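Visitor: One structure, pasted below without further comment.
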Amino acid sequence: MAQRAGVRLGVDVGDARVGLAATDPDALLATPVMTLRRDPNKGSDLRMLTKIVADRDAAVIYVGLPLSLSGAETSSTQKARDYAAQLAQRLADAELEAEVRLVDERLSTVSAAVKMRTSGVESKDQRDRIDQAAAVEILEHALEMRRTRGVEPGRACG
Numbered sequence: 001m002a003q004r005a006g007v008r009l010g011v012d013v014g015d016a017r018v019g020l021a022a023t024d025p026d027a028l029l030a031t032p033v034m035t036l037r038r039d040p041n042k043g044s045d046l047r048m049l050t051k052i053v054a055d056r057d058a059a060v061i062y063v064g065l066p067l068s069l070s071g072a073e074t075s076s077t078q079k080a081r082d083y084a085a086q087l088a089q090r091l092a093d094a095e096l097e098a099e100v101r102l103v104d105e106r107l108s109t110v111s112a113a114v115k116m117r118t119s120g121v122e123s124k125d126q127r128d129r130i131d132q133a134a135a136v137e138i139l140e141h142a143l144e145m146r147r148t149r150g151v152e153p154g155r156a157c158g
């Protein structure tokens with residue numbers, strides 16, 4: 001599949017929160033956007049994410065797929081798959097053409113925490129920003145794979 005121009009979003013799905021990062025329109029630089037509170041019952045996080053996709057005219061959304069270090073599925077893997085599928089359905093229902101792709105996110109949260117500590121952010125202050133930082137890690141990893149391979153990384157969802 002040929003690469004489409006446009007904004008890319010990185011999504012780090014957790015049990016309590018969803019971290020979000022975005023690129024510029026040229027998909028060169030990843031920056032943190034916000035952390036959404038997970039709302040599995042009412043779906044307010046998915047509604048907000050759909051609105052952000054529309055507002056930013058995002059072309060691709062990379063949802064982190066948590067795998068073990070060996071590449072095996074974890075207890076969180078299916079949760080991420082389900083979230084990505086729900087997001088893809090909401091985007092289709094809203095007639096948005098953004099593509100949802102699942103990308104390997106091994107160690108994104110660990111890497112984000114190390115970078116935050118190294119930059120002087122204390123552990124107690126990390127909680128509010130760690131999900132966004134993990135989303136930046138997911139997005140930067142996807143952008144690097146995209147640059148080196150010349151195709152969108154991950155597996156399309158929906």
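Everything in the sequence shown is counted per UniProt numbering, starting at 1 for the first residue and increasing by one. Quick reminder that beta carbons are idealized off the backbone N, C-alpha and C, glycines included. As the structure is a computational prediction, the values presented were derived from the model and not from experiment.
1) How would you write the range of the alpha helix (DSSP H) that residue 54 sits in, first residue to last?
2) For residue 148, which three-state DSSP category applies?
3) Whole beta strand (DSSP E) runs in the segment 56-93 with 3 or more residues, listed along the chain?
4) Shortest alpha-carbon distance to residue 64 belongs to which of 49, 33 and 104?
5) From residue 62 to residue 139, what does the alpha carbon distance come to, in whole angstroms?
6) Using a Cβ distance threshold of 8 Å, determine whether the segment 24-34 contacts the segment 74-92, with at least three qualifying pairs required.
7) Under the three-state reduction of DSSP, which class applies to residue 18: helix, strand or coil?
8) Taking one C-beta from the segment 88-101 and one from the segment 41-51 each time, how about it: are there three or more such pairs within less than 8 Å?
9) Sort 152, 69, 132 and 22 by Cα distance to residue 37 and report the nearest one.
10) For residue 81, I'd like the list of residues in its chain whose CB is within less than 8 Å of its CB, leaving aside the five on either flank, ordered along the chain.
11) List the DSSP bridge partners of residue 99.
12) State the beta-bridge partners of residue 10 as determined by DSSP.
13) Is it buried or exposed, residue 151, if we count other Cβ atoms within 10 angstroms and call 16 or more buried?
Guide: In this structure, then:
1) 44-56
2) helix
3) The DSSP assignment places complete beta strand (DSSP E) segments of no fewer than 3 residues inside the segment 56-93 at 60-65, in order along the chain.
4) 104
5) When rounded, the distance between both Cα atoms is 7 Å.
6) Output reads no: the segment 74-92 does not touch the segment 24-34.
7) strand
8) yes
9) Comparing alpha-carbon positions, the option among 152, 69, 132 and 22 lying closest to residue 37 turns out to be 132.
10) Here the set comprises 65, 102 and 157.
11) 60
12) 21 and 62
13) exposed
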